[in-house]
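Engineer:
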Amino acid sequence: MRVAVLGAGLAGTCTALELAERGVSVDLYDENAIPVSRAGRNNEGKVHLGLVYANDRSLRTARSMILGALHFTAALGRWIDVDRLEDAISDPYDYAIHPRTMVPADDLAGYYRSCRELFADAVAATRLSYLGRDATLRVERTRAASFPETFRTSECALDPRRLADALGAAVLANARIAFVGETRVVDATERADGTIDVGFRAGDARDCARYDHVVNALWGGRLEIDAKLGLVPERPWIYRYKTAGWITGPVPRGRVPSMTIALGPFGDVVNYGDGGVYFSWYPTGLVGRSAELRAPDWDRDLPPRRVADAVRRSFACLADLCPALAALAPAPSAIEPIGGTIFAWGETDIDEPGSHLHTRYEVGVHSAGRYHSLNPGKYTLAPYLALEAADRVQAQRRRATA
Ligand SMILES: Cc1cc2nc3c(=O)[nH]c(=O)nc-3n(C[C@H](O)[C@H](O)[C@H](O)COP(=O)(O)OP(=O)(O)OC[C@H]3O[C@@H](n4cnc5c(N)ncnc54)[C@H](O)[C@@H]3O)c2cc1C
C-alpha cells in the first residue's frame, strides 16, 4: 500500500510518523527543503486549555483544546523522546486582563471555572495529564502591578522550534518515510478504482504518482488541493499572516512573566528561559489577510523590512504594558522576526465578539473515499488529530484487506 502525506508541517510530520509506527510506508511531500519550517515552527507554542476562547459560550472550543492538550505529549511520545523537551516548556501563563477586555473579569472567572471542570472530566476520562505534569488546571485570581486583574494559571507553551527540530530529525531518520522536499503539490485526482494521482512540480519538472491513500495536511495550501477533487467548503474562511518576535535567549526564568493579555485582539509574552522570549501584539503583528483558496505565499513574498517593522512596533506596544519585557531592552539584532499563516473558518476578525474566529472546534479530518483532508486548527491539536488521520487510513486499509 502506498500512502502520500501532503505537507510536512506539524500535522503532516506527526501523521507520517504515526503511519510509519503502524508499519505503513509514506511519501511525505513539502515545497520547503526541510520538514516543519513554517507555521508549525514559527508559532507561540501555547498548548491551549481553552482559556482564550471565552467568547465561545458553547464551550466546544475549550473542550476540544483540552482534549488536544491532554494528548499533546502523550501522542508526541510515540514518535520522539519527549523527556528531552522538558526544559522547552515555558513558565506558566498569567492572564492579565486589559481595561478594554471583551469579557469582564468576573465573567472570565466563571468561564475559567467551567474550563477547570472540563479539564477535570477529561483527565478522569483519558487518565492523561497536561504536558506529563498537571492533573488539575490551576486558575487563581490575583492582582499584579501593571494589571489590577490577573489570573495565574497552569497553562504553558512548548517551544515550537525545539519540537520542530525533534520531529524533523525523526522523519529524516525513519526508514519508512521518504521525505520529498522542494516539491510543490499542484494536483490531486481520484481514479475510478479509488486510488489517487498526486501531481507535483520540482523545479521545472512536473510529475505524478499514484497512491492508495492521501492525507492532505497542507494548511495554507490545503483548500486549493481539496478543490481539485471538487471539495470546496460552503462556508467562509480567512487566512491571516501573523508576525511575532523572538528575543534570543537565555532569559532567566521568572524575570519576564509569560502572559496573555486578555481578552481580545491584544498579545502574548512567553518566557522560555534558555530558549529566549517570544512576544506578539495582534494589532501591529497582523500583516496579511486573504479569503483566496490558497493563502498567499507571505513567508516568501513579504519584504523582510515590513515584517521587522511590524515586530518592532509590537515590541514597543507590549513594552508599555509589561515593564519586565521593556527592561530586557534587547538590541534589534537580538530580536528575530518570525511569522506564519493562520487558517480559520469565519469572515470577521477577532475584534468582533461574535466572530467565528473565536471558535476552533470545527477541525479534524474530512474523508472522501481514500482522500483525507486534515485541518489541525491549532498547534495544540495537531498531534492528536494526526492519530485520527492515521486511524482513517488504517480503518480503510483494514476494510480493503478484510
Ligand atoms: C504567529 C503564530 C502563533 C501561533 N500560536 C499558536 C499557539 O500558541 N498555539 C496553538 O495551538 N496554535 C498556534 N498557532 C497556530 C499553529 O501554528 C497552526 O495551527 C499549525 O502549526 C498549523 O499546522 P501545520 O504545522 O501542519 O502547518 P504548516 O507548518 O504550515 O505545514 C504545512 C506545510 O505544507 C507545506 N505546503 C503548503 N502548500 C504546499 C504545496 N502546494 N505543496 C507542497 N507543500 C506545501 C508548507 O511548506 C508547510 O511545511 C499560531 C500560528 C502563528 C502563525
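Using this note's numbering, you'd call the opening residue of the sequence shown number 170 and step up by one each time.
Heads up, the beta-carbon is just placed ideally off N, CA and C, and yes, glycines get one too.
(1) From the DSSP output, in three-state form, read off Met428 for me.
(2) Say the cut is 8 Å; is the CB of Pro204 nearer than that to a heavy atom of ligand 1?
(3) Pick from Val174, Ala551, Thr549 and Arg539: whose alpha carbon is nearest that of Arg353?
(4) What residue ranges within the stretch 501-571 form continuous alpha helix (DSSP H) runs of no fewer than 4 residues, ordered along the chain?
(5) Return the CA-CA distance between Pro545 and Ala558, expressed in angstroms with no decimal places.
(6) Which term fits Gly399, buried or exposed, when burial requires 16 or more other beta carbons within 10 angstroms of its beta carbon?
(7) Fully enclosed by the stretch 200-286, which alpha helix (DSSP H) runs are 4 residues long or longer?
(8) Along the chain, where does the alpha helix (DSSP H) that runs through Ala413 open and close?
(9) Does DSSP classify Gly390 as helix, strand or coil?
(10) Could you check where the beta strand (DSSP E) with Gly454 kicks off and where it finishes?
(11) I'd like the ranges of any alpha helix (DSSP H) spanning at least 4 consecutive residues and lying wholly in the stretch 317-357.
(12) What residues in its chain sit with their C-beta under 7 Å from that of Pro452, if we drop five residues either side in the sequence?
(13) Would Ala500 be called buried (16 or more neighbouring beta carbons within 10 Å of its own) or exposed?
(14) Which residues does DSSP pair with Thr577 in a beta bridge?
(15) Are there any heavy atoms of ligand 1 lying less than 8 Å away from the beta-carbon of Trp514, as far as the coordinates show?
(16) DSSP three-state label for Asp362, please.
(17) Which residues mark the beginning and the end of the beta strand (DSSP E) in which Val439 is found?
(18) Is the separation between the beta-carbon of Ala339 and that of Trp450 shorter than 9 Å?
(19) Is Asp468 helix, strand or coil when you go by DSSP?
(20) Flag Val216 as yes when its Cβ comes closer than 8 Å to any non-hydrogen atom of ligand 1, and as no otherwise.
(21) Between Val367 and Arg561, is the Cβ-Cβ spacing less than 9 Å?
(22) Heavy atom of ligand 1 less than 8 Å from the Cβ of Lys547, yes or no?
(23) Which of helix, strand or coil does DSSP assign to Arg370?
(24) In angstroms with no decimal places, state the Cα-to-Cα distance between Asp303 and Phe448.
(25) Give a yes or no on whether the C-beta atoms belonging to Ala217 and Ala243 are separated by under 9 Å.
(26) Looking at ligand 1, does it come within less than 8 Å of Asn343, judged from the CB to the closest heavy atom?
Structural biologist: In short:
(1) On the sequence shown, position 259 is the one that residue 428 refers to. Three-state result, Met428: strand.
(2) Taking the sequence shown and counting its residues from 1, one reaches residue 204 at position 35. Correct: Pro204 has its Cβ closer than 8 Å to ligand 1.
(3) The count along the sequence shown starts at 1 and reaches residue 353 at position 184. Out of Val174, Ala551, Thr549 and Arg539, Val174 has the C-alpha closest to the C-alpha of Arg353.
(4) Unbroken alpha helix (DSSP H) stretches of 4 residues or longer found wholly inside the stretch 501-571: 551-570, given in chain order.
(5) As a position in the sequence shown, residue 545 is number 376, starting the count at 1. As a position in the sequence shown, residue 558 is number 389, starting the count at 1. Looking at the two C-alpha atoms, the distance is approximately 10 Å.
(6) Here the question's residue 399 lines up with position 230 in the sequence shown. Looking at its Cβ environment, which holds fewer than 16 other Cβ atoms inside 10 Å, Gly399 is exposed.
(7) Here the runs fully enclosed are 229-245.
(8) Looking up residue 413 in the sequence shown gives position 244. Where Ala413 is concerned, there is no enclosing alpha helix (DSSP H), although the beta strand (DSSP E) it sits in stretches over Trp406 to Ile416.
(9) By one-based count along the sequence shown, residue 390 stands at place 221. For Gly390, the three-state secondary structure derived from DSSP is helix.
(10) Along the sequence shown, one-based indexing puts residue 454 at 285. Run containing Gly454: none in the beta strand (DSSP E); it sits in the alpha helix (DSSP H), Tyr451 to Gly454.
(11) Counting only runs of 4 or more, we get 329-342.
(12) Your numbering for residue 452 matches position 283 in the sequence shown. Spatial neighbours of Pro452 in its own chain (CB-CB distance under 7 Å, excluding positions within 5 residues in sequence) are listed in chain order as Pro434.
(13) Here residue 500 refers to the residue found at position 331 of the sequence shown. Exposed is the label assigned to Ala500, since fewer than 16 other Cβ atoms lie within 10 Å of its Cβ.
(14) The structure shown does not extend to residue 577, since the chain spans only 170 to 571, so no value can be given for it.
(15) Along the sequence shown, one-based indexing puts residue 514 at 345. No, Cβ of Trp514 sits at least 8 Å from all heavy atoms of ligand 1.
(16) On the sequence shown, residue 362 is found 193 positions in, with the first residue counted as 1. In this structure, Asp362 counts as coil in the three-state DSSP scheme.
(17) Here residue 439 refers to the residue found at position 270 of the sequence shown. Run containing Val439: Gly436 to Asn440, per the beta strand (DSSP E) assignment.
(18) Along the sequence shown, one-based indexing puts residue 339 at 170. Along the sequence shown, one-based indexing puts residue 450 at 281. No, the pair does not count as a contact, with Cβ atoms beyond the cut-off.
(19) Here residue 468 refers to the residue found at position 299 of the sequence shown. If DSSP states are grouped into helix, strand and coil, Asp468 belongs with the helices.
(20) By one-based count along the sequence shown, residue 216 stands at place 47. In this structure, Val216 has its CB closer than 8 Å to one or more heavy atoms of ligand 1.
(21) Taking the first residue of the sequence shown as 1, we reach residue 367 at position 198. Taking the first residue of the sequence shown as 1, we reach residue 561 at position 392. Val367 places its beta carbon 9 Å or farther from that of Arg561.
(22) Residue mapping note: residue 547 aligns to position 378 of the sequence shown, counting from 1. Short note on Lys547: C-beta closer than 8 Å to some heavy atom of ligand 1.
(23) For the purposes of this step, residue 370 is taken as residue 201 along the sequence shown, with counting starting at 1. In the displayed model, Arg370 falls within a strand according to three-state DSSP.
(24) Indexing the sequence shown from 1 puts residue 303 at position 134. Indexing the sequence shown from 1 puts residue 448 at position 279. Asp303 and Phe448: Cα-Cα distance of roughly 25 Å.
(25) Translated into positions along the sequence shown, residue 217 becomes position 48. Translated into positions along the sequence shown, residue 243 becomes position 74. The amino acid at residue 217 is misidentified as Ala; the sequence shows His. Going by C-beta atoms, His217 is not nearer than 9 Å to Ala243.
(26) One-based indexing of the sequence shown puts residue 343 at position 174. Flag unset: Cβ of Asn343 not near ligand 1.
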